[in-house]
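Novice:
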Amino acid sequence: MKEKLIEAINNFSERERTILVAFLTFVMIFIFVAIWFFMSSSIDDRKDTIVEQEKMIQEMVSKKEIFKKAQAQATKMQDSIDSSNVNLNSDISAVKESVGIPISSIKEIKPRKKGDISIERIELNLREVPLDQTLTFLYGLENKGRNVFVDSITIKKRFNKQNYDVSLVVAAMKKESANGE
């Protein structure tokens, strides 16, 4: 077969051989350019993928630090809840006495339970109280115990425009005792 190909080429005229060489050169250049084009686009795609993956790794590292901080805060809060002995009624009474605010009604709400943590809640209604006294009372509640917080609050303006009616839910987180108390 090789000999037949050489014989066929030798039978070509000089002009035909020149055209054949030019055509083969063009085909070789075309194949080389096509291979180079696909390789360079593949390399560019790989570079882009590497850059994206590096960004994702950096984001994961930064989120890892945030996660570690959040985990430390959660552990700290869990330790605080485990070690606290909050009595919500006595805390409210103590702050009420120190601020001198009148509480018109107190109602205990069924505790919410999340795992081994119970959130004890009490609804308070304050009538005709000045805003500064209300804020002092709220500040005192929030700072009385680490696990005591105001869960919700509604403030309504009175007709005399100096005093307000306030309805709030005060809550405290407690560790649920083993015997379910």
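If you count the sequence shown from 1, position 138 lands on 133 in the working numbering, and the numbers rise without skipping. Where is the CB? At the ideal position from N, CA and C, for every residue including glycine.
(1) Are the CB atoms of residue 159 and residue 151 nearer to each other than 8 Å?
(2) How many angstroms separate the CA atom of residue 11 from the CA atom of residue 24?
(3) Between residue 122 and residue 58, what straight-line distance do the alpha-carbon atoms span, to the nearest angstrom?
(4) Going by DSSP in three states, residue 156 sits in which element: helix, strand or coil?
(5) Alpha carbon to alpha carbon, what distance is there between residue 63 and residue 39?
(6) Excluding sequence positions up to five away, which residues of its chain have a Cβ less than 7 Å from the Cβ of residue 168?
(7) Which residue spans inside the segment 65 to 117 form an unbroken alpha helix (DSSP H) run of at least 4?
(8) Just the Cα atoms here: how many angstroms apart are residue 100 and residue 163?
(9) Considering Cα atoms alone, identify which of 13, 144 and 134 is closest to residue 83.
(10) Just tell me which of 136, 132, 124 and 95 has its CA closest to the CA of residue 154.
(11) Would the beta-carbon of residue 108 be found less than 7 Å away from any heavy atom of the ligand PLP?
(12) Distance check for residue 41 and residue 146, CA to CA, integer angstroms please.
(13) If you count every other CB in all the chains shown that lies within 10 Å of the CB of residue 149, and 16 or more means buried, which is it?
(14) Would you tell me roughly how many angstroms separate the C-alpha atoms of residue 118 and residue 67, rounded to the nearest one?
(15) Please confirm whether residue 132 and residue 90 have their CB atoms less than 8 Å apart.
Specialist: With the given structure in hand:
(1) yes
(2) 20 Å
(3) Straight-line Cα distance between these residues: approximately 47 Å.
(4) coil
(5) Between residue 39 and residue 63, the alpha-carbon positions lie close to 36 Å from each other.
(6) For residue 168, the CB contacts under 7 Å within the same chain, skipping 5 residues up- and downstream, are 76, 112, 114 and 142 in chain order.
(7) If we require 4 residues or more, the alpha helix (DSSP H) runs fully inside the segment 65 to 117 come out as 83 to 94.
(8) 11 Å
(9) 144
(10) For residue 154, the closest alpha carbon among the candidates 136, 132, 124 and 95 is that of 124.
(11) By its list of ligands, the structure shown contains no ligand whatsoever, and the ligand PLP lies outside what it can speak to.
(12) Rounded to whole angstroms, residue 146 to residue 41 spans 52 Å at the Cα level.
(13) exposed
(14) So the two alpha carbons sit approximately 32 Å from each other.
(15) The answer is yes: Cβ separation under 8 Å.
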